[in-house]
Every structure is written in C-alpha cells, then in structure tokens.
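What follows is a single structure, written as structure tokens, with notes after it.
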Amino acid sequence: MSVDTVVLLALLAVIPAGIGAFLGVDRLGAARRGGDRAGTAEHVLAWANASAAGLMLGIAYAVLMAGTALLPLGGTLGAAVGVGLIHVLGARTRSALAQRAVMASALHSAAEGIAIGAAAALAPAFGLFLVLTFALHNVSEGAVLGSALSARGRGPWSVAWAAMIARTGQPALAAVTLLVIRGAPALQPWALGVSAGALVYLVLAELLPGSYRFTGRTSIAVVVSVAAGIVALLGGRSR
Amino acid sequence: MSDTTRVFVYALYTALATGLGALPFLFVRDLSRRVVAASNAIAAGLMLGASLGLVAEGAQRSGWATFVGVNVGIGFIVLTQKLIGEHEPEIGQFRGAGARRMLLMVVVMTVHSFAEGAAVGVSFGGGMALATAITVAIAVHNVPEGLAISAVLRPQGVSLLACAGWSVFSSLPQPLMAVPAYLFVEHFAGALPYGLGFAAGAMIFMVLVELLPEAYEQERGRRVALLTGLTLAGMLLFQQYV
Numbered sequence: 001m002s003v004d005t006v007v008l009l010a011l012l013a014v015i016p017a018g019i020g021a022f023l024g025v026d027r028l029g030a031a032r033r034g035g036d037r038a039g040t041a042e043h044v045l046a047w048a049n050a051s052a053a054g055l056m057l058g059i060a061y062a063v064l065m066a067g068t069a070l071l072p073l074g075g076t077l078g079a080a081v082g083v084g085l086i087h088v089l090g091a092r093t094r095s096a097l098a099q100r101a102v103m104a105s106a107l108h109s110a111a112e113g114i115a116i117g118a119a120a121a122l123a124p125a126f127g128l129f130l131v132l133t134f135a136l137h138n139v140s141e142g143a144v145l146g147s148a149l150s151a152r153g154r155g156p157w158s159v160a161w162a163a164m165i166a167r168t169g170q171p172a173l174a175a176v177t178l179l180v181i182r183g184a185p186a187l188q189p190w191a192l193g194v195s196a197g198a199l200v201y202l203v204l205a206e207l208l209p210g211s212y213r214f215t216g217r218t219s220i221a222v223v224v225s226v227a228a229g230i231v232a233l234l235g236g237r238s239r
Numbered sequence: 240m241s242d243t244t245r246v247f248v249y250a251l252y253t254a255l256a257t258g259l260g261a262l263p264f265l266f267v268r269d270l271s272r273r274v275v276a277a278s279n280a281i282a283a284g285l286m287l288g289a290s291l292g293l294v295a296e297g298a299q300r301s302g303w304a305t306f307v308g309v310n311v312g313i314g315f316i317v318l319t320q321k322l323i324g325e326h327e328p329e330i331g332q333f334r335g336a337g338a339r340r341m342l343l344m345v346v347v348m349t350v351h352s353f354a355e356g357a358a359v360g361v362s363f364g365g366g367m368a369l370a371t372a373i374t375v376a377i378a379v380h381n382v383p384e385g386l387a388i389s390a391v392l393r394p395q396g397v398s399l400l401a402c403a404g405w406s407v408f409s410s411l412p413q414p415l416m417a418v419p420a421y422l423f424v425e426h427f428a429g430a431l432p433y434g435l436g437f438a439a440g441a442m443i444f445m446v447l448v449e450l451l452p453e454a455y456e457q458e459r460g461r462r463v464a465l466l467t468g469l470t471l472a473g474m475l476l477f478q479q480y481v
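For the record, the sequence lines run as chains V and L. According to the working numbering, the first sequence is numbered sequentially starting from 1. According to the working numbering, the second sequence is numbered sequentially starting from 240.
Okay, here's the thing in structure tokens:
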C-alpha cells in the first residue's frame, strides 16, 4: 500500500470522529441538559466506550500476533514498551478537563496511527482492515469526547472540528510509521508490539473505567468481549 | 505417570497455590484496599495473558471454532452469574451482609475456577509447552485470588488455616475439571479449538466482569492499566520462551 493511499484512507477515517462528536453534543449533551432521568445518555455513552474498547482490544490482539509471528521478542517486549511509553506520556498531560479530553484523544490516535502504519507495511488488506475498524471506533470515541466537551457549553460544530483535529495524529503517524518501516524493516515487529501495548494500556486506563462508572458490569463485559472477539477473528483473516 | 494423572497433579498444584494467598495474613490482620486492588490488577494481567495464549493456539487450528468457543465461554459465565445472584446465603455462624460477601466471593471464585480447570485440561491437548505455560500462569494467578478471598474472610474473624482452606477449596474444581476436559479434547481432536476458545472466553469475561471493576473501585485507572498491561506483556513473553 502506498503512503498516499494510507494517508488518504486514514484521513477519511477521521470524519466519523467528527460525526460522532456532533451527535455526542447534539443528542447526548442535549439529553443530559434536559434532565435525563432514566440516564439513557449515560448508558449509551458507556456502551459506546465499551464497544470502542472491544474494537481496540481486538485490533491489539491481531497486531500483537502479527508482531510475534515476525519476531517473538519484538512483539512481546514491544508491547511492554508500549504500555510504559503511553503511561509516561500520559502523566505529562495534566491540565483542564476539556484540554485533557483532547490530549487523551490525540494520544489514542497516535497509538492507532502507529498500528495502521505497521499493519499496512505488513499487508495492504491488514492495513485496510485496521483503518475501517478504527473508523468505526472513531464514532464512539468522538461521541464520548463530544459529550465531555459539550458540558463546557461549546456548540456541536466547534466540537466536531476539535474531535477531528485531535484525530489527525492518526494519518500523520500512520505515514511516518510506514516510511520508517520501509526504511528499516527490522523495526516492523517492534512497531506492531509497541502499538498493541499502547492500545491495551489506553483501553485499561481510560475506556474501561469510564464505562464501568455508568452502567452494569455484565453488559459492559459482554459488549467488550464480543466486540473484541469479532475483530480478532476478522483481523487474523485479513493478515 | 500416565497423562491423565499428570493433568490431575498439575491442576492440583494450581489449586494448592491458591492457599499461599492466605500467607500475608500471618503478619497482618487487614490488608490495605490498594494492595488488594493491585493484586486484582496483576491477576487480571496473568489471566488475559493465559487467555491470549489459548486463543492463539486455538486460532492456529480453526479461527471460527475458537471464536464459537469464546462466545460459549462468555455465555456460560453470564448464565452462572445469573444463577448465583438469586441466592441468599447463610453459612455456619456467619449471616447478613458479611456472609453474603463471603459466600459470593467463594462461590464466584469456585465457579470461575471451572473455566481455569478446563484451561489446564485442554492446554494439554495443545502440547506440553502450552500446558506448562498455562499451568504456571493459572497457579501464579491463583495466589492473588487466594489473597482476595482471605482479605474478605480474615477481617470477619475466620482463622488463618480456614482462610487457606477456603482458598484451596475455591480452586478444587481445577483438578476435577481438568481431567474430563483433557480426556474430551484427547478423544475428540476436533473439539480442541472449541475447548481452548471456551476456556479463554470464560477467563476474559471473568477479568472484565470481576477483577478489573474491583480493581478500579480502589485504584486509579492509570495504575491499574500499568500493572495489568505490564503483567500481560510479561506473561506473553514467558509463554514465548517455555
């Protein structure tokens, strides 16, 4: 897959984040302000979070397996590095809530961009599969970000733009990763491992705690595990 | 030692390891909640690592069969939880909320060790390297599980020996379940990916529905993520080199 194609596809995958954010402000934010007694908006948000978490875990599995198939040590040790790296980077971003939401979103898209680049370098179909899955998960992520920002009284259009801009790290890092791997193929398993570890960390540090807070454990666990299973199965086939 | 005996003995070791979880209570009466949360997070990483090993092994045989097994495993735990949730417990001299928590803890742990027993059993169908990795993973992860049980029982005035006893009891389904699971996949080779998937699905679901939420209640997400993530990576590394 050429670098242009990867960037173009990953850029297109940013649009769903805007749509999700728009809906998040327009629907969920409005429902909250209007005194949402049944807590429907919170449940929808929790499930959106959980499905995004499941998709990310499924991809992390597929990417990790691709990495360990190339070089066992690179895939697994890379995953440990990914966990540690994101933990350290995340610690530097202490600021206001809204800014933090955008920063968190930017970190996510960085990890996802590396995964897309490393996967596209391995096999075009695998890269395409990751782009499509992340595009789907961007809707949920956008909705969560949108509802967080709407509490600050920002309009849906401005939040949708912010959500899309926070995601531009995805195509940028996808292109950088692809170019680096083309230049130094030995880095391929490490890049796959690092992105898998980073994805798992982000799910555990941010998406899951956010989900459990708003609705029952069992429904969250079902959504996460089933979504992860489907993505892991399809991801393994596309490789 | 015949293969069946070996499966039983291995799974018995994992059960006995649970009793080690009572040891810290030799020195302290009560563990801080953060320590319990941290051990939950580590146990979650170990179980996720073991599950990924099972799924990877199953996927090499049949991706679809493993996928079906995973979903049946999830359904199995959901159903068991529904059944347990409806019972009001009363054990010996212990009653009320404390007793409910105690019984729930022991019952939940016992039920999910069925899944772990199945994991040990079916992993023998995938060869000795896989079996050793999974057995060690389950045994190590049983220690914090015993710790979690003892942490609930000990403050209620249960003796140290009884704490260790209940901990081991909660893991007894492991040797009992491992042997039939092993025999099953030995005789119906086609069932192996389903079995591997089932055990993995049940364990992943337990992590998501019990261990992680418990950990998040007492500890910040970032710390849980660091502990679970690093343990998971360590577990994967370990499986690569057994």
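Note that CB positions come from ideal geometry on N, CA and C, so glycine has one too.
Beta-carbon neighbours of TYR433(L), restricted to chain V and to distances below 7 Å:
Here the premise fails: no neighbours, minimum Cβ distance about 14 Å.
What first and last residue would you give for the alpha helix (DSSP H) that runs through THR470(L)?
460–479
Any idea if PRO394(L) is buried or exposed, counting beta-carbon neighbours within 10 angstroms, 16 or more meaning buried?
In this structure PRO394(L) is exposed. Its beta-carbon is surrounded by fewer than 16 other beta-carbon atoms within 10 angstroms.
Interface residues of chain L around SER140(V) at Cβ under 7 Å?
By Cβ distance, chain L contributes nothing, its closest Cβ being about 17 Å from SER140(V), past 7 Å.
Would ARG272(L) count as contacting chain V if we go by Cβ distances under 9 Å?
no
Taking only beta-carbon atoms, is GLU327(L) less than 9 Å away from chain V?
Note that GLU327(L) scores a pLDDT of 48, beneath 50, so its modelled location is shaky; the value from the coordinates is reported in the next line. So no, GLU327(L) is outside the interface.
On the criterion of 16 or more Cβ atoms from any shown chain inside 10 Å, does VAL231(V) qualify as buried, or is it exposed?
It is buried - the Cβ of VAL231(V) has at least 16 other Cβ atoms within 10 Å.
For MET445(L), collect the residues of the same chain with a Cβ closer than 8 Å to its Cβ; drop the 5 residues on either side in sequence, then sort them by chain order.
MET286, ILE316, HIS351 and ALA354
Strictly under 9 Å for the Cβ-Cβ distance: is THR305(L) near chain V by that measure?
yes
Taking the alpha-carbon positions, what's the VAL379(L) to GLY197(V) distance?
22 Å
How about THR218(V): is its C-beta nearer than 9 Å to some C-beta of chain L?
yes
Could you tell me the alpha carbon to alpha carbon distance between GLU206(V) and VAL222(V), rounded to whole angstroms?
18 Å
Under three-state DSSP, which class holds GLU327(L)?
Legend: pLDDT at GLU327(L) = 48, less than 50; position of this residue unreliable, value from coordinates given subsequently. Of the three classes helix, strand and coil, the one that applies to GLU327(L) here is coil, per DSSP.
Relative to the C-alpha of VAL194(V), which residue among THR168(V), GLY155(V) and GLY67(V) is closest?
GLY67(V)
Taking 9 Å as the CB-CB limit, is LEU447(L) close to chain V?
Interface flag for LEU447(L) against chain V is set, since a Cβ pair is found closer than 9 Å.
Given a threshold of 16 other Cβ atoms within 10 Å of its Cβ, counted over all protein chains shown, does ARG272(L) qualify as buried or as exposed?
exposed
DSSP three-state label for PHE266(L), please.
Residue state, collapsed to three classes: coil.
Is GLY113(V) close to chain L, meaning its C-beta is less than 9 Å from at least one C-beta of that chain?
no
Reduced DSSP secondary structure (H/G/I, E/B, other) of ALA123(V)
coil
What is the DSSP secondary structure of ALA110(V), reduced to helix, strand or coil?
helix
Can you name, in chain order, every residue of its own chain whose Cβ lies under 6 Å from the Cβ of ASN279(L), other than the five neighbours on each side?
LEU450, GLU453 and ALA454
With ILE59(V) and THR133(V) assumed to form a contact (beta carbons below 8 Å), what rounded beta-carbon distance in angstroms separates them?
6 Å
Nearest to ASP242(L) by CA position, among VAL418(L), GLN478(L) and GLY440(L), is which residue?
Selected option, being the one with the closest Cα: VAL418(L).
Please state if the CB of TRP47(V) and the CB of SER219(V) are separated by a distance shorter than 9 Å.
yes
Roughly how far, in whole angstroms, is the beta-carbon of PRO414(L) from the beta-carbon of LEU251(L), given that I think they are within contact range, below 8 Å?
4 Å
Rounded to a whole number of angstroms, what is the C-alpha to C-alpha distance between ALA228(V) and LEU202(V)?
About 15 Å.
Are the CB atoms of LEU208(V) and GLY20(V) nearer to each other than 9 Å?
no
How far does the alpha helix (DSSP H) with MET1(V) in it reach, from first residue to last?
Counting along the chain, MET1(V) falls outside any alpha helix (DSSP H), and DSSP gives it neither H nor E.
Report the CB separation of GLY312(L) from ALA441(L) in whole angstroms; it is logged as a contact under 8 Å.
4 Å
Taking the C-alpha atoms as reference points, what is the distance between TYR61(V) and LEU173(V)?
20 Å
Is the shortest distance between the beta-carbon of ASN279(L) and the beta-carbons of chain V less than 9 Å?
no
Element boundaries [alpha helix (DSSP H), containing ALA163(V)]
156–166
May I ask you to list, following chain order, the residues of the stretch 461–473 of chain L that have a beta carbon less than 8 Å from some beta carbon of chain V?
ARG461, VAL463, ALA464, LEU465, THR467, GLY468, LEU469, LEU471, ALA472 and GLY473
Spatial neighbours of LEU270(L) within its chain, please: C-beta separation below 6 Å, excluding the five flanking residues on both sides.
ALA390
For the stretch 366–385 of chain L and the stretch 252–263 of chain L, state whether three or more C-beta atom pairs, one from each stretch, are separated by less than 8 Å.
yes
Flag PRO72(V) as yes if its beta-carbon sits less than 9 Å from any beta-carbon of chain L, otherwise no.
yes
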